[in-house]
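K.L.:
Next up is a structure, given as structure tokens.
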Amino acid sequence: MTTARLALAALLLVTLTACVNQTVKTSAVPPLERPTEVAPETALLDVGVLVFDPGLDEYEEDQQIYPEVRKAEARFMPRLLAEAMQNSGAWGAVRVIPSDRQTVDLLVRGRIVHSDGETLELHIVARDARGAEWLDKTYEANASKYAYAPTTRTSYDPFQAIYHTIANDLARQQESLTLAQREDIRLITELQFARSFSPEAFDGYLSENRKGVVEVSRLPADDDPMLERIRSIRERDQLFVDTLQEHYGYFSGEMQVPYQEWRKMSYEEAIALQELQAESRRNLIAGGAAILAGIYAAGSSERSSRAAGNVAIIGGGYLLKSGLEKRAEAQIHVAALEELGMSLEAEITPQVIELEDRTVMLSGNVEEQYAQWRELLADIYQAEVGLLEPLPTVDNP
Amino acid sequence: MRDNPTLDPGTLAALEAAMEAAAQGGNAGTGEGAGTGSETGAASGQWPGDTQGSSPGNAGAGTGPLTPAEQVAILDARLEAGAGDFDTMILEEQARQRSARRASSDDTPASESAGGAPAGGREGPYGEDITVAGAGGGRGSVNTPGRSAPANTARYPAPDDIPSGNDDDVVARQLREAAMREPDPAVREKLWDEYRKYKGLTP
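So the sequences go chain by chain: A and B. At position 82 of the first sequence (counting the first as 1) the number is 1021 in the working numbering, and the numbers step up by one without a gap. At position 61 of the second sequence (counting the first as 1) the number is 65 in the working numbering, and the numbers step up by one without a gap.
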């Protein structure tokens, strides 16, 4: 009985903690929640928002998905989320990062499940440096027609609500941590960074507990020369990430106007398409029903019923014709959507390629430098060990 | 729980010794002792923990075997040289970004800039400062509060008699950077003396 209860409780817990969905109203953008207390700088967590997964793995040809547009969105949307988080004042530096090799206090990953002018669906997962999960949730938002009004459009993104909601969820998670826990996360990040550059010197400082959560086993001295070197390198690493932000910012600026225009027009086309499809469906059903009723009435013995039946058949015929016409008209909107998507794709593809090239080139140069520093740090560690090794021989000639 | 530092005593003195050795290597005309950013990786690969005087830093000086502290100091100097190259690379990238931004803003039609998205920051509808993503292009620094360059590059200004350093070679640059970082005034002055000696400046 106890086992059954435990199993039930575990099942309930799994259900509660498993990925959840939230539908966000875009017409009411929630305000950014600000921290209740000003945290000391040592407890401000740096956040890395990884370039989103464009969600093209299960992409099928008949879906109206334009791969290059998705790739561009995968670089554009993280920036909006990063800005929302930064604007909340709850975090240290919030940056878009190109790969999860970057060591950050909190890593936010996102996957674009669906994106067009009408609907945006994002799956967000966030973990801190300890490996603790903060968020695993799917957010969905439908744009209202007001989202594309000229006054609204210049103020914020049509789906700003989704970014504010995510930022608020993460801020609430952070609020639930004590200052000591936050400082611990920052320390773990530093030691992880140190270990990635000098595993020989920093391997023993971190360990994983039974739940797979990273913990600090021991601390290096504050004035440990190796840690000083690592800190100097880390400052450079942060400078590199900051430089990348310029690239993402420039790309977003170039993409902004055509992309938002595409969203607006595709929203209008999608709404028109849905209305026509609904009307077409209604007319076809009503027309079919009227014809059937007319045929039934035409077989009646009463003259008036037969006349009414004929009228119903003619009326049903008109409705059917209208329904078919609406369906054909809807096809025009489908083609228009296709045309809009392809047009945007042609416009932004060179920018996506340029951003990718610049990011890869800069990352490549940086990685090359890092490899050299790793070798040097390994040599320094060996030299330091060489300094210490002869000491016992003095005591034991 | 904190570890005790392992290399505190003598580190500063070793740095000075290594700097001198590096400077002598540079004067000897070999240049190997100092290395450059591009040589760093290859140079470190040539020296797998060798302590018998075959390291590049020692070869240039033509003196006896280096102590571990001297080895560390020389490796530190290479690390610094790499950091200098890294900073140069980042600065060049930032300069490229600035010129691309300028070119882009020159190309932007007047009508677009008038009717398009607002450029830069503004007061958001919820009282927060919102910067529309990319509006105006290249304003990525919104996410980078107060970080322009590594803080340890130059903490103490150079004395008045020290020239700008535009023509510094690698050894001179290392000496200059070490001096500008050095908190101890006495050691700092020694490092500047080394710099003057190396550059042939009359004190």
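Glycine included, C-beta positions come from ideal geometry on N, C-alpha and C.
What are the residues that DSSP puts in a beta bridge with A:Q961?
P.N.:
Partner(s): A:Y1078.
K.L.:
Just to check my reading of the structure: A:H1062 and A:P969 have Cβ atoms closer than 8 Å, yes? What is that Cβ distance to the nearest angstrom?
P.N.:
About 19 Å separates the two Cβ atoms, so there is no contact after all.
K.L.:
Which whole-angstrom value is the C-beta distance of A:G1049 and A:L983, which I expect to be below 8 Å?
P.N.:
Not really, about 22 Å apart at Cβ, beyond 8 Å.
K.L.:
Using 10 angstroms around the beta-carbon of A:N1222, count the other beta-carbons present and answer buried if the total reaches 16, otherwise exposed.
P.N.:
So A:N1222 counts as buried.
K.L.:
In this structure, does DSSP put A:R1048 in helix, strand or coil?
P.N.:
Note: A:R1048 maps to strand in three-state DSSP.
K.L.:
Along the chain, where does the alpha helix (DSSP H) that runs through A:A1133 open and close?
P.N.:
Its alpha helix (DSSP H) spans residues 1118-1136.
K.L.:
Hey, how far is the Cα of A:G1256 from the Cα of A:I1210?
P.N.:
If I take the Cα positions, the gap works out to 27 Å.
K.L.:
Could you tell me the distance, in whole angstroms, from the CA atom of A:A1236 to the CA atom of A:G1226?
P.N.:
Each residue's alpha carbon lies about 15 Å from the other.
K.L.:
So, at 8 Å on beta carbons, what are the nonlocal neighbours of A:F1136 in its own chain, with the 5 sequence-adjacent residues on each side left out?
P.N.:
So the qualifying residues of the chain are I1169, I1172, Y1309, W1312, R1313, L1316.
K.L.:
What in chain B is Cβ-close to A:T1042, meaning under 9 Å?
P.N.:
Within chain B, no residue comes near A:T1042; the closest Cβ sits about 16 Å away, beyond 9 Å.
K.L.:
Bridge partners for A:A1065 per DSSP, in chain order?
P.N.:
Paired residue(s): A:V1047, A:L1074.
K.L.:
How far does the beta strand (DSSP E) with A:V1155 in it extend, from its first residue to its last?
P.N.:
From DSSP, the beta strand (DSSP E) with A:V1155 extends over 1153-1155.
K.L.:
Opposite A:S1282 in the DSSP bridges: which residues?
P.N.:
Answer is none; A:S1282 lacks a bridge partner.
K.L.:
Below 7 Å on C-beta distance, what does A:I1124 contact in chain B?
P.N.:
In chain order: nothing, as chain B lies at least about 17 Å away.
K.L.:
Is it buried or exposed, A:L1231, if we count other Cβ atoms within 10 angstroms and call 16 or more buried?
P.N.:
Counting Cβ neighbours within 10 Å, A:L1231 comes out exposed, since fewer than 16 surround it.
K.L.:
Grab the span of the beta strand (DSSP E) containing A:V1035 for me, first residue to last.
P.N.:
Where A:V1035 is concerned, the enclosing beta strand (DSSP E) stretches over 1033-1036.
K.L.:
For the segment 173-188 of chain B, list every residue whose C-beta sits within 8 Å of some C-beta in chain A, in sequence order.
P.N.:
So the list is empty, because no residue satisfies the distance condition.
K.L.:
Express the C-alpha separation of A:E1129 and B:L179 in angstroms, rounding to a whole number.
P.N.:
Approximately 29 Å, taken between the alpha carbons.
K.L.:
Strictly under 8 Å for the Cβ-Cβ distance: is B:A99 near chain A by that measure?
P.N.:
So no, B:A99 is outside the interface.
K.L.:
For A:G987, list the residues DSSP reports as bridge partners.
P.N.:
Answer by DSSP bridge pairing, in chain order: A:R1034, A:L1046.
K.L.:
By how many angstroms is the C-alpha of B:E97 removed from the C-alpha of B:A104?
P.N.:
Looking at the two C-alpha atoms, the distance is approximately 10 Å.
K.L.:
Measure from the C-beta of A:G1325 to each C-beta in chain B and report whether the shortest distance is under 8 Å.
P.N.:
Yes, its Cβ sits closer than 8 Å to a Cβ of chain B.
K.L.:
Give the straight-line distance between the Cα atoms of A:A1080 and A:A978, rounded to the nearest whole angstrom.
P.N.:
Those two C-alpha atoms are separated by around 32 Å.
K.L.:
Identify whether A:T1058 lies in helix, strand or coil by the three-state DSSP scheme.
P.N.:
It is a strand residue.
K.L.:
Does any residue of chain A bring its CB to less than 8 Å from the CB of B:P72?
P.N.:
So yes, B:P72 belongs to the interface.
K.L.:
So what does DSSP say about A:E1218, is it helix, strand or coil?
P.N.:
Three-state result, A:E1218: helix.
K.L.:
From what residue to what residue does the alpha helix (DSSP H) around A:L1109 run?
P.N.:
Unbroken alpha helix (DSSP H) run through A:L1109: 1099-1114.
K.L.:
Just how far apart, CA to CA, sit A:Y1189 and A:I1271?
P.N.:
The straight-line gap from Cα to Cα measures roughly 35 Å.
K.L.:
So, does the CB of A:L1231 fall closer than 8 Å to a CB anywhere in chain B?
P.N.:
No, A:L1231 does not count as interfacial toward chain B.
K.L.:
For B:V191 and chain A, any beta-carbon pair shorter than 8 Å?
P.N.:
Chain A contact via Cβ: absent.
K.L.:
Taking A:R1134 as the reference, which of A:E1185, A:P1097, A:E1057, A:T1042 has the closest Cα?
P.N.:
The option with the nearest alpha carbon to A:R1134 is A:T1042.
K.L.:
Give the residues of chain B in contact with A:A1225, contact being defined as C-beta atoms less than 9 Å apart.
P.N.:
By Cβ distance, chain B contributes nothing, its closest Cβ being about 45 Å from A:A1225, past 9 Å.
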